[in-house]
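Read the structure below first, then the notes.
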Amino acid sequence: MSDRVQSLSDIEQPETPTSAETRSGITGMVRTMELDLRLLGMVGALLLIWVVLDLLTGGRFITPRNLFNLSVQTASVAVMATGMVFVIVTRHIDLSVGSVLGVIAMVMGVVQAEILPDLLGFNHPANWIITILVGLCLGILIGCLQGWVIGYLAVPAFIVTLGGLLIWRGAAWWVTTGRTVAPLDSTFILFGGGVAGTMGEMASWIFGAIMAALVIYGILRGRRRRQLFDFPLKPLWADWLNIGVLTLAVFGFVAAMNAYPVPPRAAKRLAEAKGWAIPEGGLELMHGIAIPVVIVALVAIAMTIVARRTKFGRYVFAIGGNPQAAELSGIDTRRMTLYIFTLMGGLCAISAVIASARLQSAANDLGTLDELRVIAAAVIGGTSLAGGIGTIYGAILGALVMQSLQSGMALIGTNTSLQSIVIGFVLILAVWVDQVYRRRIGE
């Protein structure tokens with residue numbers, strides 16, 4: 198009996214306060230909850246940016262309409278940024294993602310607007326499926342080719358992807374000799390958001406509830422795993438506080454999206470297209486969460502699982518931490534490089550779907566400068582250019598910071614040149630903060 202009591206006390210021991218230093222004040226709370234200081238700083242910076250931009254725009258920035266547009270505009274860059282985390286963590290770089298997006302979008306545009314209509318008819322139910330499969334195959338093939346040259350021919354990633362930036366941008370032009378391809382398949386364009394490309398009010402609440410349930414499951418499962426391996430536990434209140442804050446953020450986002458009404462004329466057209474009955478007082482519809490945001494959420498969950506729960510993810514961070522030691526330990530670094538860039542190519546294809554569907558057309562300049570936005574999003578999100586450090590959620594937050602600055606300055610009426618100056622300054626500042634943070638950890 199005494200042995201059992203002793204074992205139970207050992208399990209509960211990590212939850213009891215061990216020192217006043219780690220359990221008192223804001224710093225103690227942060228340590229107790231095991232929060233990432235850079236993540237907290239990024240969230241604080243994002244909120245500060247939103248408040249300042251809202252004041253400068255006379256209350257036009259923090260509105261359901263602008264937040265909806267902001268979420269849709271961020272989606273394509275956010276998807277690629279999740280893959281760029283793996284690339285940078287392994288001490289590589291990919292300068293070709295914008296051009297890869299452009300050529301994939303052009304090929305998908307030609308497939309659904311010019312090839313499939315002759316074979317199956319325009320807006321055939323299978324058109325959008327075939328188009329996306331073609332885009333994914335092309336993206337994977339391009340990524341595989343670049344990864345093979347980098348991994349097996351030992352050509353530096355900077356050179357290979359810089360060449361890819363020029364090659365694939367030129368290839369995008371040659372697909373249609375510079376012609377813009379439109380119109381696109383009516384189902385395909387739903388992946389770009391817009392009035393029809395949303396989940397609607399009820400489905401958005403259901404999606405939010407599922408996301409909140411995943412948050413609760415993930416945190417409690419992590420706690421259970423710590424118990425099984427006798428790792429130190431956070432106090433139970435810390436886990437429930439994390440759950441509460443994240444759940445509140447999820448439902449707050451859903452509420453904001455459901456507060457953005459569909460314009461009456463657009464709602465009427467949508468009802469007529471779907472065969473809905475229109476009441477005498479008119480139809481009142483809410484946008485809800487846009488489909489591109491759902492795609493980002495699913496990609497983020499999948500990439501986080503890959504990074505944290507799979508052998509592939511562990512190998513990625515092992516290579517970034519010390520490539521020589523990783524190779525000596527038996528990791529095939531060349532094959533891993535091939536896989537990482539292949540994954541990056543597939544994510545570029547997903548972003549090409551979102552970007553071209555949002556514009557409802559495919560042009561050869563689509564994705565121009567996206568490579569800089571994607572790299573900046575990953576770096577601002579805490580991915581270290583020295584390798585070995587990076588998070589998926591950080592990259593998505595970084596993309597949101599970048600798009601918030603760009604959209605906010607556009608609302609203010611800031612000159613495009615000044616927008617570039619500000620974003621460039623923010624990128625340099627983010628790298629400097631990363632260097633300072635790494636030096637402090639080293640101390």
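Residue numbers (my numbering): 198 to 640.
Just so you know, even glycine gets a beta-carbon here, dropped at the ideal spot from N, CA and C.
Alpha-carbon to alpha-carbon, residue j and residue i
{"i": "LEU362", "j": "ARG636", "result": "34 Å"}
{"i": "SER199", "j": "ALA497", "result": "Because SER199 carries a pLDDT of 43, less than 50, the predicted location of this residue cannot be relied on, and no value is offered for it."}
{"i": "ILE238", "j": "ALA278", "result": "The amino acid occupying residue 238 in the given sequence is Gly; Ile does not appear at that position. Rounded to whole angstroms, GLY238 to ALA278 spans 19 Å at the Cα level."}
{"i": "LYS508", "j": "PRO432", "result": "30 Å"}
{"i": "GLY332", "j": "VAL304", "result": "7 Å"}
{"i": "LEU556", "j": "ILE386", "result": "8 Å"}
{"i": "ALA470", "j": "ALA464", "result": "10 Å"}
{"i": "ARG257", "j": "ASP382", "result": "33 Å"}
{"i": "ALA559", "j": "ARG235", "result": "38 Å"}
{"i": "LEU292", "j": "LEU597", "result": "20 Å"}
{"i": "PRO461", "j": "GLY360", "result": "49 Å"}
{"i": "ALA379", "j": "LEU430", "result": "56 Å"}
{"i": "ILE502", "j": "VAL346", "result": "28 Å"}
{"i": "ARG531", "j": "LEU342", "result": "13 Å"}
{"i": "ALA573", "j": "LEU480", "result": "42 Å"}
{"i": "LEU624", "j": "MET454", "result": "29 Å"}
{"i": "GLU640", "j": "ASP631", "result": "At GLU640 the pLDDT is 48, less than 50, meaning the model places this residue with poor confidence; the figure from the coordinates comes in the next sentence. Using only the alpha carbons, I get a separation of about 14 Å."}
{"i": "ALA410", "j": "ALA310", "result": "40 Å"}
{"i": "ALA272", "j": "ASN324", "result": "23 Å"}
{"i": "TRP402", "j": "ARG466", "result": "24 Å"}
{"i": "PHE388", "j": "ALA523", "result": "40 Å"}
{"i": "PRO353", "j": "GLY344", "result": "10 Å"}
{"i": "ARG366", "j": "ASP436", "result": "48 Å"}
{"i": "ILE364", "j": "VAL294", "result": "12 Å"}
Where residue i sits in the DSSP three-state scheme
{"i": "ALA354", "result": "helix"}
{"i": "ALA323", "result": "coil"}
{"i": "THR530", "result": "helix"}
{"i": "THR539", "result": "helix"}
{"i": "PRO261", "result": "helix"}
{"i": "THR213", "result": "Caution applies to THR213, whose pLDDT of 40 falls short of 50 and renders its modelled position unreliable; the model cannot decide the point."}
{"i": "MET483", "result": "strand"}
{"i": "PRO458", "result": "strand"}
{"i": "VAL586", "result": "Here residue 586 is Ile; the residue named in the question, Val, does not match the sequence. It is coil, neither helix nor strand."}
{"i": "PHE426", "result": "coil"}
{"i": "ASP567", "result": "helix"}
{"i": "ASP251", "result": "helix"}
{"i": "SER581", "result": "coil"}
{"i": "PRO432", "result": "coil"}
{"i": "GLU218", "result": "Residue placement at GLU218 is flagged as unreliable, the pLDDT there being 42, under the threshold of 50; a coordinate-derived value is accordingly withheld."}
{"i": "ARG235", "result": "helix"}
{"i": "LEU245", "result": "helix"}
{"i": "THR501", "result": "helix"}
{"i": "ASP291", "result": "coil"}
Closest by C-alpha distance to residue i, when choosing among the options
{"i": "TRP629", "options": "VAL576, GLY256, VAL286", "result": "VAL576"}
{"i": "GLY394", "options": "VAL490, ASP291, ALA574, ILE625", "result": "VAL490"}
{"i": "TYR414", "options": "PHE388, VAL392, THR444, SER401", "result": "THR444"}
{"i": "ILE620", "options": "ILE486, SER604, ASP631", "result": "SER604"}
{"i": "ARG376", "options": "LEU624, LEU563, LEU608, GLY585", "result": "LEU563"}
{"i": "SER601", "options": "VAL269, GLY255, ASP233", "result": "VAL269"}
{"i": "THR539", "options": "LEU495, GLY348, ARG288", "result": "GLY348"}
{"i": "TRP370", "options": "GLY306, VAL633, HIS484", "result": "GLY306"}
{"i": "GLY390", "options": "ILE486, GLU398, TRP434, ALA456", "result": "ILE486"}
{"i": "PRO261", "options": "MET599, PHE622, ALA452", "result": "ALA452"}
{"i": "LEU569", "options": "MET599, SER548, GLY587, GLY579", "result": "MET599"}
{"i": "MET357", "options": "VAL372, GLU311, HIS289, LEU267", "result": "It is worth fixing the name first, because residue 357 is Val in this sequence and not Met. Among VAL372, GLU311, HIS289, LEU267, the Cα nearest to that of VAL357 is on HIS289."}
{"i": "VAL286", "options": "ASN612, GLY367, ASN519", "result": "ASN519"}
{"i": "VAL412", "options": "GLY441, TRP434, ALA400", "result": "GLY441"}
{"i": "VAL249", "options": "MET606, GLY517, VAL633, ASN612", "result": "MET606"}
{"i": "LEU495", "options": "ILE547, ARG420, LEU608", "result": "ILE547"}
{"i": "ARG418", "options": "ILE312, ARG506, THR374", "result": "ARG506"}
Per DSSP, cross-strand counterpart(s) of residue i
{"i": "VAL378", "result": "ALA559"}
{"i": "THR395", "result": "ALA487"}
Proximity test, residue i beta-carbon vs the ligand FAD heavy atom, cut-off 8 Å
{"i": "VAL442", "result": "With respect to the ligand FAD, the structure shown offers nothing to examine, as it has no ligands at all."}
Any 3 or more C-beta pairs closer than 8 Å across the stretch 292 to 300 and the stretch 544 to 558: Taking a contact to require three or more Cβ pairs closer than 8 Å, the stretch 292 to 300 and the stretch 544 to 558 qualify as touching.
Validate contact between the stretch 333 to 351 and the stretch 528 to 543 using beta carbons, cut 8 Å, 3 pairs: The stretch 528 to 543 and the stretch 333 to 351 touch, with three or more beta-carbon pairs separated by less than 8 Å.
Quick test of the definition: if touching needs 3 or more C-beta pairs under 8 Å, does the stretch 239 to 250 touch the stretch 575 to 594? In the pairwise beta carbon analysis, the stretch 239 to 250 is classified as touching the stretch 575 to 594: at least three pairs are separated by under 8 Å.
Please determine if the stretch 420 to 435 and the stretch 394 to 408 are in contact, where contact requires at least 3 C-beta pairs separated by less than 8 Å. Contact fails: fewer than three Cβ-Cβ distances are below 8 Å.
When you compare the stretch 402 to 410 with the stretch 436 to 454, are there three or more beta-carbon pairs, one atom per stretch, that lie closer than 8 Å? Under the Cβ criterion (8 Å, minimum of three pairs), the stretch 402 to 410 counts as touching the stretch 436 to 454.
Using 8 Å as the Cβ pair cut-off and three pairs as the minimum, do the stretch 578 to 586 and the stretch 309 to 321 touch? Flag = no, the stretch 578 to 586 and the stretch 309 to 321 do not touch.
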